[in-house]
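A.B. asks: Before I ask anything, here is the structure I am working with.
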Amino acid sequence: MAFATASSFVRCHMLHFPSALTGRRKNSGNSTRDIHVVSAWAGLAWEEITKIGIVDGIRPCAPVTREENTVMMNRLRKNLLQLIAGNSIVLGELEKRLQAIESECGFTKCPK
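Residue numbers for the sequence shown follow the working numbering, beginning at -5 and rising by one.
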């Protein structure tokens, strides 16, 4: 079983070998796509997410590894934690307002 898995792994990577050499990858169909050029529909989002440092701004159309995904999620997590830390008073007030609205409407907290 391990040999079959290893064989599949090698074959899969061999399919991508020519595109890895050229920096281009195949998309659906027979055309190739430059991994360094962002799609028109994603341009604004790519620009925004690059400005805030979630991505490095290179290879927008390349596949994402688990390592790259982990780094991006961690950068986003740090941004969210800074946002929450800077708004802890506001969040506390919002929590109180939410509890008041829930009690007025007859909602109760879910049992833990």
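Glycine residues also receive a C-beta, built at the ideal position from the N, C-alpha and C atoms. These numbers come from a predicted model, not from an experiment.
CB I48 to CB R69, shorter than 8 angstroms?
C.D. replies: Cβ distance < 8 angstroms, so I48 and R69 count as in contact.
A.B. asks: Rounded to a whole number of angstroms, what is the C-alpha to C-alpha distance between V84 and N73?
C.D. replies: Near 17 angstroms, if we compare the C-alpha coordinates of N73 and V84.
A.B. asks: Which two residues bound the contiguous alpha helix (DSSP H) that contains T44?
C.D. replies: Where T44 is concerned, the enclosing alpha helix (DSSP H) stretches over 37 to 45.
A.B. asks: In its own chain, which residues sit with a C-beta less than 8 angstroms from the C-beta of S82, not counting the 5 before and 5 after it?
C.D. replies: Excluding sequence neighbours, S82 sits near nothing in its chain.
A.B. asks: In the DSSP assignment, find the unbroken beta strand (DSSP E) run with R53 in it and report its ends.
C.D. replies: Where R53 is concerned, there is no enclosing beta strand (DSSP E), given that its DSSP letter is neither H nor E.
A.B. asks: Roughly how many angstroms separate the alpha carbons of R92 and I52, rounded to a whole number?
C.D. replies: As written in the sequence, residue 92 is Leu, which differs from the Arg given in the question. Their backbone Cα atoms lie some 42 angstroms apart in a straight line.
A.B. asks: Figure out for me which residue from E42, C55, E41 has the closest Cα to the Cα of D28.
C.D. replies: Checking every option, the nearest Cα to that of D28 belongs to C55.
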